[in-house]
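Written out below as C-alpha cells is the structure these notes cover.
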Amino acid sequence: MGVQTTSLQWPEPPVLACPVLKLLHGQTALVTGASSGIGRALAIALGHAGANVVINYLGSPEKAEEVAKEIQRCGSRAISVAADVSKPDQVQLMFQQTVAEFGRLDILVNNAGIQLDAAFEDLTLEQWQRVMDVNLTGPFLCCQEAVRLFKKQGIDASLSCAAGKILCISSVHEVIPWAGHVNYAASKGGLMLLMKSLAQEVAPQRIRVNSIAPGAIRTPTNTAAWNTREAYDDLLKLIPQKRIGEPEEIGRAAVWLASDQSDYVHGITLFIDGGMTLYPGFETGG
Ligand code: BGC
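If you count by our numbering, then the sequence shown holds residues 59 to 344, one letter each, in order.
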C-alpha cells in the first residue's frame, strides 16, 4: 500500500520576485524613528538591499537627511518625513507623502520607540502615557494605515509575492520583566500581541507581520549601559555571547524578514540578543 499523492492538488510554491543580492529591489519601505540608532541602521540596510526608503523622524531633520544621503549613495531613493507616530493626522499625512513620492508602500518598519525610566512609585502618568503613545499607539496607527494601503494595492508580483510586510521592532523586554522600566516593558509586551493578533488577521490577504526583538544594542538609547568599563562589564553578565550587539545586525535580519526569502514566516518574534533571553543566570548554576 503506497501513499497516494497523485490525486492531491498542492498549491504552487510562491515565485520569489527578488534577486538574491538586492532582495528588496524596487520596493518601498517606511521606517519610523529612522534618524538614529537601530532605525538608522534599518533604513540604510533596506536601502542597500534596493528599497526606496521613507525616513521618518521627529526633531532632527539634519540627521534624517544624512541617512537619506547614505541611502542615495548606494543607488536607492530616499526622503525624510517628520511625523509624531502617536498622532493620527501626522501618520496619515506621512503615508500620503510616501505614496505621492514613491507610488506605493511595500514594507512598514515600526521602529520608533522611547524609554522614560523611573522606579514604579515615582512613575508619572505622563511618563506612562508617552511611552505607550510612541511604543504602542504609534505601531497601531501605522499598521492600520499600512494594512489599508496594502489591501488597496494588492500584490505586484514583479516586486514581491506578498501584498505587504510589516516589521515591529520590539525588545527582549516583550518577555523579560524589567524593574524600573514598567512602562517600557508593558508597551513591548503589548506590541507582541498586537503583532501576533494582526499577523493572524491579515495573513489570508498575503500580508506578513513579524517582530524583531533586539537585546542590548549599541545605540544612544542605552548609552549608560555600555559607555563605561564598569557598566559594560555588568551588561556582559546578561549576555551569553559576551559582547554588545551592533545596529547593523538588526538591519541585516530586517532585510531577510521583509523579503520574499521569508515568505512563509508569519507572527514570529526573532530575538537578536546574543542569548540574553536564555536565562544567563543559569549558565553556572540552577
Ligand atoms: C532597551 C535597552 C536595553 C536592552 C536590554 C532594549 O529594549 O531599549 O535600553 O539595553 O533592551 O536590556
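We treat Cβ as the ideally placed atom computed from N, Cα and C, and that holds for glycine.
task: For R266, write down the residues that DSSP places opposite it in a beta bridge.
output: K223
query: Are the CB atoms of Q99 and I227 nearer to each other than 8 angstroms?
result: The question names Gln, but residue 99 in the sequence shown is Ala. No, they are not a contact pair.
- prompt: Do A173 and the ligand BGC come close, with the Cβ less than 7 angstroms from some heavy atom?
  reply: Here residue 173 turns out to be Gln, not Ala, going by the sequence shown. Under cutoff, so the answer is yes.
- request: Could you work out which residue in T286, F160 and R266 is closest to V167 when comparing CA atoms only?
  value: R266
query: What is the DSSP secondary structure of N345, reduced to helix, strand or coil?
result: In this structure the chain extends from 59 to 344, so residue 345 is not present and cannot be described.
field: Rounded separation between P338 and Q299 - CA only
entry: 10 angstroms
field: As assigned by DSSP and simplified to three states, the class of G248
entry: helix
- request: Using the Cα positions of G117 and Q67, report the straight-line distance between them to the nearest angstrom.
  value: 55 angstroms
- prompt: Taking just the CA atoms, how far does E184 sit from T327?
  reply: 29 angstroms
- request: Output the distance between the C-alpha atoms of D178 and L194, rounded to the nearest integer angstrom.
  value: Inspection of the sequence shows that residue 178 is occupied by Phe rather than by Asp. When rounded, the distance between both Cα atoms is 19 angstroms.
query: Should the region 288 to 306 be called in touch with the region 267 to 277, which here means at least 3 C-beta pairs below 8 angstroms?
result: yes
message: Below 8 angstroms, how does it come out for the region 205 to 216 and the region 227 to 238: are there three or more Cβ pairs, yes or no?
response: no
- prompt: When DSSP labels each residue in this structure, what does A109 get in the three-state scheme?
  reply: coil
Cβ distance (whole Å) where E232 is taken to contact F153 below 8 angstroms: 26 angstroms between Cβ atoms; not a contact.
field: Beta-carbon spacing of I270, A312 below 8 angstroms
entry: yes
message: Tell me the DSSP secondary structure of V78 in three-state form.
response: In this predicted model, V78 has a pLDDT of only 43, less than 50, meaning its place in the structure is not dependable enough to derive any value.
message: Taking the straight line between their C-alpha atoms, what separation do you get for S255 and V230?
response: 19 angstroms
- request: Consult DSSP for S216 and reduce its assignment to one of helix, strand or coil.
  value: coil
query: Is P197 helix, strand or coil when you go by DSSP?
result: helix
- prompt: Roughly how many angstroms separate the alpha carbons of C76 and L181, rounded to a whole number?
  reply: Per-residue confidence for C76 stands at a pLDDT of 47, beneath the threshold of 50, marking its modelled position as unreliable; no derived number is given.
field: V323 vs N268 beta-carbon contact at 8 angstroms
entry: yes
field: Cβ shell of D331 (< 8 angstroms), same chain only, five flanking positions each side left out
entry: V230, A271, P272, G273, A274, I297 and G303
- request: Over the uninterrupted beta strand (DSSP E) stretch that includes T327, give me the two end residues.
  value: T327 to I330
task: State buried or exposed for F340, treating a residue as buried only when at least 16 other CB atoms are found within 10 Å of its CB.
output: exposed
query: Under three-state DSSP, which class holds L336?
result: coil
query: Using the rule of at least 16 other Cβ atoms within 10 Å of the residue's Cβ for burial, across every protein chain shown, is S216 buried or exposed?
result: exposed
- request: Under the assumption that T279 contacts Q173 (Cβ atoms under 8 angstroms), give the Cβ distance between them as a whole number of angstroms.
  value: 6 angstroms
message: On the CB-based measure, 16 or more other CB atoms within 10 Å of its CB, does P197 come out buried or exposed?
response: buried
query: Using the rule of at least 16 other Cβ atoms within 10 Å of the residue's Cβ for burial, across every protein chain shown, is M334 buried or exposed?
result: buried
- request: Determine the contact status of A92 and A101, defining contact as a CB-CB distance below 8 angstroms.
  value: yes
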